[in-house]
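Contents: one structure, followed by commentary.
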Amino acid sequence: MNTYNASDSFVDNSSPQWQTQTEQIAHNIRLRVFKFVMQNGGGYLSQACSSAELFATLYTKIMHLGPSTAPLIPIPYAGNPGSTNPNYQTGGGYNGPHEPQYDRFIFSPSHYALVHYATLIEVGRMAEVGLAQFNQDGSTVEMIGAEHSPGGEVTSGSLGQAISQAGGIAMARQRKGETGRVWVLMTDGEFQEGQVWEAVQALSHYRLDNIGVYIDVNAQQCDGAVESVMTTEPLAQKLTAFGARTIAVDGHDVTALAAPAKLAPNGQPLFVLSHSDPCRGIPKLAERKPALHYLRFKTDQERQEYQDLFEEMQHKAQNHC
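By the count of my numbering, the sequence shown reaches residue 321 at its end, each step adding exactly one.
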């Protein structure tokens, strides 16, 4: 297992412009999710805190995606997939066409859907008005993202299915000689699932070095701290023992996040442990530990405190612009 920092020699720091832009996008993602949570009386906020830089870096620096082929305003749910339903489509078009030279993105933790939608908006792949459909009957903009949701391509949940499906896609692409890579976003809690480790073994066995897995290691899950439910540590050593090329980075350092993707393939699947803070940018959340999974306001006073904090952050952002 290696640890790379922004100062390492192989990191290209010749053009700082992308870092500044990516950091701004990450800030906007976090603020947009915070705004939506306040407007709707609760939601998945800590996930935006921990993964905003990761999402922003994936979409602006790491992944080589073609232009979106999906409508800016998401279409309604077109019914169940099947040979008798020609109108059905996945949300993969928001990540561009499935052409040999372009990368594919497989999104695993479906409860991060709001963060994903916010990212698509910030990078111009989805219209802001699309969020008005969030969690509405008949909408594809689901609270728990599905394969038909914007940016989605497979049904994943947060239970390990996505990495197995991504592995199949990566194997097919490798055998076809396609140059595009497959990128996966996961969370550390998913490594409590046996299916995940079976998938890691398969990726290593078949030497699928065209796949890169970024893990939001925020040490939190639905029932509290990961270590209190079932620890996954030492995660880096376990992945290395399973044959993965394992790198640990600061999940809020966009340069460090982008660096592993530049490494030349070496016959091993790439796993990047993005160590993050689930209260990043909103330190008040730390008062709720270990119950960070979903923000529900306990009192009107607490809700007002968060509203004041949001307005303060928004004011600073407007002045910065």
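Just so you know, even glycine gets a beta-carbon here, dropped at the ideal spot from N, CA and C. These numbers come from a predicted model, not from an experiment.
In the assembly as shown, aspartate 308 is an exposed residue. Its beta-carbon has fewer than 16 other beta-carbons within 10 Å. Fully enclosed alpha helix (DSSP H) runs of no fewer than 4 residues occupy 226-230, 235-241 and 254-258 of the stretch 207-274, in order along the chain. In its chain, beyond the 5 residues on either side, Leu159 and Gly160 have a beta carbon closer than 6 Å to the beta carbon of glutamate 193. Counting of Cβ neighbours within 10 angstroms places serine 46 among the buried residues, the total reaching 16 or more. Put simply, the backbone Cα of glycine 43 is about 29 Å away from that of alanine 256.
In the displayed model, leucine 45 falls within coil according to three-state DSSP, outside both helix and strand. Counting the other Cβ atoms within 10 Å of the Cβ of asparagine 218 gives 16 or more, which makes it buried. Taking every protein chain shown into account, the CB of lysine 61 has 16 or more other CB atoms within 10 angstroms, so this residue is buried.
Rounded to whole angstroms, the separation of the alpha carbons of isoleucine 106 and glutamate 153 is 7 Å. Checking the DSSP bridge columns, you'll see methionine 186 partnered with Ile215. DSSP places arginine 173 within a helical segment (H, G or I) once states are collapsed to three.
Under the three-pair Cβ rule at 8 Å, the stretch 199-208 counts as touching the stretch 161-180. In the three-state DSSP reduction, phenylalanine 36 falls in the helix class (H, G or I).
Rounded to the nearest whole angstrom, the CA to CA distance from aspartate 209 to asparagine 40 is 42 Å. Isoleucine 211 is a Cβ neighbour of alanine 166, given a cutoff of 9 Å. Take the alpha-carbon of aspartate 223 and the one of lysine 289: they are about 11 Å apart. Excluding sequence positions up to five before and after tryptophan 18, its CB lies within less than 7 Å of the CB of Thr60 and Lys61, all in the same chain and listed in chain order. The C-alpha of isoleucine 215 lies about 8 Å from the C-alpha of valine 184. Less than 9 Å divides the Cβ of glycine 91 from the Cβ of serine 149.
DSSP places arginine 125 outside both helix and strand once states are collapsed to three, so it counts as coil. Between the C-alpha atoms of lysine 238 and isoleucine 144 there is a straight-line separation of about 29 Å. Going by beta carbons, serine 51 and valine 115 fall inside the 9 Å limit.
Under the DSSP definition of a beta bridge, phenylalanine 191 lacks any partner. Your pair leucine 270 and proline 278 does not check out as a contact, with CB atoms roughly 24 Å apart and the cut at 8 Å. The straight-line gap separating the alpha-carbon atoms of glutamate 227 and threonine 187 is approximately 14 Å. Taking arginine 280 as reference, the option from Ala241, Val33, Tyr77 and Cys49 with the minimal CA-CA separation is Cys49. Considering only Asn266, Phe310, Leu273 and Asp253, the residue with the shortest C-alpha distance to alanine 236 is Leu273.
The beta-carbon separation of glutamate 122 and valine 254, rounded to 14 Å, does not stay under the 8 Å limit for a contact.
A distance below 9 Å separates the beta carbons of alanine 248 and histidine 275. Taking a 10 Å sphere around the C-beta of glycine 267, we find fewer than 16 other C-beta atoms and assign the residue as exposed. Contact between glycine 96 and threonine 140 is ruled out by a C-beta separation of about 18 Å, above the 8 Å threshold.
Secondary structure at phenylalanine 297: coil, using DSSP grouped into helix, strand and coil. DSSP, read as helix, strand or coil, puts phenylalanine 134 in coil. Rounded to the nearest angstrom, the gap between the Cα atoms of phenylalanine 242 and threonine 57 is 27 Å.
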